[in-house]
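Per my numbering, the sequence shown starts with residue 256, numbered consecutively. The beta-carbon is built from N, C-alpha and C at its ideal position, and this holds for glycine as well. Fair warning: this is a prediction, and the values are worked out from it, not measured in the lab.
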Amino acid sequence: MNSRRNFIKTTGKGLAFAAVAPGIISETAFAGQAQKNIRIGIIGAENSHTIGFGKMFNTDKMFPGVEVKYVWGETDEFAKNAMERGNIPNQVKDPREMLGKIDALIVDHRHAKNHLEPATPFIEAGIPAFIDKPFCYRAAEGKKFLELARKKGTPVTSYSSIAHSNATLDIKEQVKSMEIKQVIRTGPVDLDSQYGGVFFYGVHILQPLMNIFGEDIERVKITRDGKYGSASLKFSGGLFATLIFKRKAYGWETFVETPKKLVELKSRVEETNPPKNYADMVEMFRTGKEPRSHQSILNGVSVLEALEKSAATENWVEVEYLTLS
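Given below as structure tokens:
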């Protein structure tokens, strides 16, 4: 599967699909806007992602008519770096300055705890928003935010680029004809990351697993070796998964135990250009069609919370799912 790093490197050259029901926003909510130019504002400039968005939209014009017009940075230095390297023309000192000036919002902080509060005024104003991974740091906060978006009729989505890819779609199709006993998935995770521990990068190892094998994870258990380790996940249907948190190597792999042997799952398809994760984001900005259900977004956060709790105790933790009203 293509890595997040590869996506960032190739944005200038070239979502998991809903694992449950599709998003609540009607495709007709933004009818007639297919040809409308889209002005994007970005909240957050510490990540290299913001520079990547600027290059993709402004420099390489991968989506004609879509342009990043404004950026707010955690520091002035971060903002100016994103403007220079991402060809973004305007800096704002307060994200609210973008209200009335943009048609779509991207929120891109390193720590998920910073994602939802600054996005709320834009949701209230009906501005479609893509919240970069992970969506939020606490499921209860995410539930409140998504219910506000539903009430206001504002399109919102969030996903891992690793999960929201044609590669993951293809692998999901492959496993339909396989008898699978256990799953092993690997990827880089730092349990002590200053950006939210398992939440930071853990979404890349978890969301593809849930997209492919289901969102019925009952309980989880992390075994630590310092800031690394592994996790065991039990699904309600009887499937067991082991997550191996890499110490040094980059990239993600998925293996399954079949009745005969251990098999690595590999995609048989090439990623589109531009990649699916960006194309679906822009499609939502233009039409209001959400590529992932709100409940699926929330379920992923709930599992990450359970993993975080287990990382502190190394005990089994039941996943506490919240249901959107």
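Cβ neighbours of residue i in the same chain (closer than 8 Å, five flanking residues each side left out)
i: GLY381; result: LYS407, GLY408 and THR409
i: HIS364; result: ILE298, GLY299, GLU301, ASN302, GLU329, HIS370 and ASP387
i: GLU538; result: LYS544 and PRO546
Same chain, Cβ closer than 6 Å to residue i, neighbours up to 5 away in sequence not counted
i: LYS388; result: SER415 and VAL458
i: ARG502; result: TYR483
i: ARG523; result: ASP425
i: ASP331; result: none
i: LYS436; result: GLU512
Residue(s) in a DSSP beta bridge with residue i
i: PRO443; result: LYS501
i: VAL326; result: ILE297 and GLN346
i: ILE477; result: ALA486
i: GLN437; result: PHE495 and GLU512
i: VAL362; result: ILE298 and ILE386
i: THR412; result: PHE385
i: ILE417; result: DSSP output for ILE417 lists no bridge partner at all.
i: ILE472; result: PHE490
i: VAL524; result: Answer is none; VAL524 lacks a bridge partner.
The beta strand (DSSP E) enclosing residue i, as first and last residue numbers
i: ARG294; result: 293-298
i: VAL511; result: 508-512
i: ALA374; result: No beta strand (DSSP E) holds ALA374; the alpha helix (DSSP H) holding it covers 371-379.
i: GLU519; result: 517-519
i: ILE592; result: In the structure as shown, the chain starts at 256 and stops at 580, and residue 592 therefore has no counterpart that could be examined.
i: PHE385; result: 384-386
Buried or exposed (CB count within 10 angstroms, at least 16 for buried), residue i
i: ASN369; result: buried
i: LYS531; result: buried
i: PHE318; result: buried
i: ASP349; result: exposed
i: ALA359; result: buried
i: SER432; result: exposed
i: THR527; result: exposed
i: TYR456; result: buried
i: ALA289; result: A caution first: ALA289 carries a pLDDT of 47, below 50, which makes its placement in the model too unreliable to give a value.
i: ASP447; result: exposed
i: PRO529; result: buried
i: GLY451; result: buried
i: GLU525; result: exposed
i: LEU468; result: Strictly speaking, residue 468 in this sequence is Phe, with Leu absent from that position. The residue in question, PHE468, is buried, as its Cβ has 16 or more Cβ neighbours within 10 Å.
i: LEU517; result: exposed
i: GLU372; result: exposed
Beta-carbon separation (whole angstroms), residue i vs residue j, contact threshold 8 Å
i: LEU579; j: LEU553; result: 7 Å
i: VAL572; j: ARG474; result: 6 Å
i: ASN345; j: GLY320; result: So it is not a contact: roughly 18 Å between Cβ atoms.
i: VAL574; j: ILE472; result: 6 Å
i: LYS310; j: GLY341; result: 6 Å
i: GLY296; j: ILE357; result: 4 Å
i: ILE477; j: GLU569; result: 6 Å
Residue interval of the alpha helix (DSSP H) (run including residue i)
i: GLU428; result: 421-430
i: GLY307; result: 303-309
i: ARG405; result: 394-407
i: LEU577; result: Where LEU577 is concerned, there is no enclosing alpha helix (DSSP H), given that its DSSP letter is neither H nor E.
i: LEU461; result: 454-468
i: THR542; result: 531-542
i: ASN336; result: 331-341
Same chain, Cβ closer than 7 Å to residue i, five either side skipped, listed in chain order
i: LYS264; result: Low confidence applies here, because LYS264 scores a pLDDT of 36, under 50, leaving its location unreliable; read the following figure in that light. Answer for LYS264: no residue qualifies.
i: GLY287; result: Bear in mind that a pLDDT of 40 at GLY287, under 50, signals an unreliable position, so the model cannot answer this.
i: ILE343; result: GLY309, ASN313, VAL323, VAL326 and ALA337
i: VAL347; result: TYR325, TRP327 and MET353
i: THR441; result: ILE499, LYS501, TRP507 and GLU508
heavy atom of the ligand SAM below 7 Å from residue i C-beta
i: GLU526; result: Of the ligands one can find in the structure shown there are none, so the ligand SAM has no counterpart to examine.
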